[in-house]
Amino acid sequence: GDTYGYNTQAPGYEGWYGSNALPCTGSVRLATASAQGYLRTPKLSKIGSGTADITVTVNTAPYFEAYHSWGEDYLNHLIIVEGDGKIVSGGSTLQSIDNDKQATVKCKSNVNSSTRGPLGTHAEPTTHTINIEGATKNTQITIKTTPYSGTDHYRIWLDDIKIEKK
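Throughout, my numbering is defined as the position within the sequence shown, counted from one, plus 760.
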């Protein structure tokens, strides 16, 4: 509030903001069983004047409840550039880039395909890396679950958002 104000709905709001971003011990769960979720960073004001090439690294894992009939939630989610900058490449988890602004990435599964139970004692995160050119102090990064379809579940665990100038 002291830095960014309290009106998170204002079009120019510069702070952290999300919807269905539920805090948990050590991470954030994005989405509910029936509604999309996202978390948006503050504007990247430390870039200062001009532009910068940046790397965004995010750790995520699909939500998993072994006792539910669907088992693991959807493996894909989105990393979006809002404002200046364009996505130019990504790591091995990159599935597609849409309009230079939205990357679809895919988590590794945490389900044993033969037993439909968990592979281990906890969900192992997948590290996603996206390279962006032309970011400015007005750029924001959003991590977002894919739109809810009514049949599939799209929750993810989100941790360790890291943004670095190249």
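Ideal Cβ placement from N, Cα and C applies to all residues, glycine included.
Bear in mind the structure is a predicted one, so any value in this text is a computation, not a measurement.
If contacts are defined as beta-carbon pairs under 8 Å, then residue i and residue j qualify, I think. What distance do you get, rounded to the angstrom?
{"i": "TRP917", "j": "ARG800", "result": "Rounded, the Cβ-Cβ distance is 18 Å, inconsistent with contact."}
Using the Cα positions of residue i and residue j, report the straight-line distance between them to the nearest angstrom.
{"i": "GLY880", "j": "ASN780", "result": "27 Å"}
{"i": "CYS784", "j": "SER794", "result": "19 Å"}
{"i": "GLU774", "j": "TYR764", "result": "6 Å"}
{"i": "ASP912", "j": "VAL816", "result": "27 Å"}
{"i": "ASN872", "j": "ILE923", "result": "33 Å"}
{"i": "SER809", "j": "ASN898", "result": "10 Å"}
{"i": "GLY831", "j": "ILE839", "result": "24 Å"}
{"i": "GLN900", "j": "THR792", "result": "23 Å"}
{"i": "LYS846", "j": "ASN819", "result": "21 Å"}
{"i": "GLN862", "j": "HIS837", "result": "10 Å"}
Quick one: residues in its chain with C-beta nearer than 6 Å to the C-beta of residue i, no 5 flanking neighbours on either side, listed in chain order?
{"i": "LYS868", "result": "THR886"}
In three-state terms, what does DSSP make of residue i?
{"i": "LYS861", "result": "coil"}
{"i": "SER869", "result": "coil"}
{"i": "LYS803", "result": "coil"}
{"i": "ARG789", "result": "strand"}
{"i": "LYS922", "result": "strand"}
{"i": "HIS882", "result": "coil"}
Short of 7 Å in beta carbon distance, which residues of its chain neighbour residue i, apart from the five on each side in sequence? Order them along the chain.
{"i": "TYR908", "result": "SER794, ALA795, GLN796 and TYR914"}
{"i": "TYR834", "result": "PRO822, THR906, ASP912, HIS913 and TYR914"}
{"i": "SER849", "result": "ASN891"}
{"i": "ALA812", "result": "ALA895 and LYS925"}
Under the rule that 16 or more other beta-carbon atoms within 10 Å means buried, what is residue i, buried or exposed?
{"i": "HIS888", "result": "buried"}
{"i": "ALA770", "result": "exposed"}
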